[in-house]
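This report concerns only the one structure given below.
Spelled out as C-alpha cells, the structure:
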C-alpha cells in the first residue's frame, strides 16, 4: 500500500501534485499472503506498507512505561494520557476552532486522524486497499479517546473510514469518538451509537 500512498502524493509537499503515476489496483490474493506469527509479520515479495501512524503510537506507548504521576506524552498528535484525577485536553476542530474534551482519571490514549492535513492534489493519505486510491470517507476529522494510545490511533483510522461494523467489533467498552463531517458538524460515538455533539 506504500506505492498507492506515494502515488497520492505522500513524498511531496502538502497540496502539491503527486510526483508518481497512480498505483495499480493491488491483487487482493497478494495481500492475503501476509502472514502473522507471534511477533513476526511476513509480507509477500513486492508488498510495501507504511506503518508510520501505527509505529508512532506504539513508540508513545513504549515511552509511557517510564512515566509516573500525572503525565501527557504527545507523539505527533497521538497522546498517552495519565491523570490522577479527571482533566481536560484541547483539540482543534477542522475549522481551527478550539474544543475542550473531558478526560477521565487513569491511563488512556487520544488520537486524531484527518483527511485535511495530509492531503495533496492526488488525494489524502488514507488508502482504500481495494482501489489503491484515497478512500471515500464520511468524516474529515475523527478524534478517539480509548484506554491505550495504540487503540485510539487504530480506531481513529477505522472511524474516519466509516467502518462502523469494524468499529463496533474492535472498540473496547468506554471508547469515545468525536467525528466531524464536511460541514464541520460534530458527531459522537459511544458504545456503538452515533449522536450529534451537544456543546
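In this note's numbering, the protein residues as written are 1 to 199.
No residue lacks a Cβ here, since even glycine has one placed at the ideal position from N, Cα and C.
Leaving out five residues on either side along the sequence, give the residues of the same chain with a beta carbon under 8 Å from the beta carbon of residue i.
i: residue 166; result: 158
i: residue 155; result: 111, 144, 146, 167, 170, 171, 175 and 177
i: residue 160; result: 113, 114, 115, 126, 137, 139, 141, 142 and 179
i: residue 98; result: 90, 91 and 92
Considering only their Cβ atoms, is the gap separating residue j from residue i smaller than 8 Å?
i: residue 101; j: residue 88; result: yes
i: residue 138; j: residue 162; result: yes
i: residue 53; j: residue 153; result: yes
Measuring straight from C-alpha to C-alpha, what distance separates residue i and residue j?
i: residue 75; j: residue 56; result: 6 Å
i: residue 36; j: residue 72; result: 32 Å
i: residue 126; j: residue 188; result: 21 Å
i: residue 77; j: residue 45; result: 33 Å
i: residue 130; j: residue 136; result: 12 Å
i: residue 43; j: residue 32; result: 9 Å
i: residue 40; j: residue 115; result: 30 Å
i: residue 96; j: residue 34; result: 39 Å
i: residue 173; j: residue 191; result: 6 Å
i: residue 38; j: residue 164; result: 28 Å
i: residue 197; j: residue 58; result: 30 Å
i: residue 51; j: residue 117; result: 18 Å
So what does residue i bridge to, in DSSP terms?
i: residue 180; result: 141 and 186
i: residue 99; result: 91
i: residue 209; result: The structure shown does not extend to residue 209, since the chain spans only 1 to 199, so no value can be given for it.
i: residue 194; result: 189
i: residue 40; result: 37
i: residue 127; result: 134
i: residue 66; result: Residue 66 is not bridged to any residue.
i: residue 200; result: Coverage of the chain is limited to positions 1 through 199, which leaves residue 200 absent and any answer about it impossible.
By Cβ distance below 7 Å, which residues in the same chain neighbour residue i in space, the five residues on each side in sequence not counted?
i: residue 105; result: 83, 84, 85 and 86
i: residue 61; result: 80, 148, 149 and 150
i: residue 128; result: 135
With a threshold of 6 Å on Cβ separation, who are the neighbours of residue i within its own chain once the five nearest residues in sequence on each side are excluded?
i: residue 64; result: 73 and 80
i: residue 195; result: 188
i: residue 103; result: 81, 87 and 89
i: residue 193; result: none
Count the CB pairs spanning the segment 137–146 and the segment 68–75 that are closer than 8 Å, and state whether there are at least three. no
If we count Cβ pairs, one from each stretch, closer than 8 Å, do we get three or more for the segment 107–117 versus the segment 147–154? yes
Please determine if the segment 79–90 and the segment 181–196 are in contact, where contact requires at least 3 C-beta pairs separated by less than 8 Å. no
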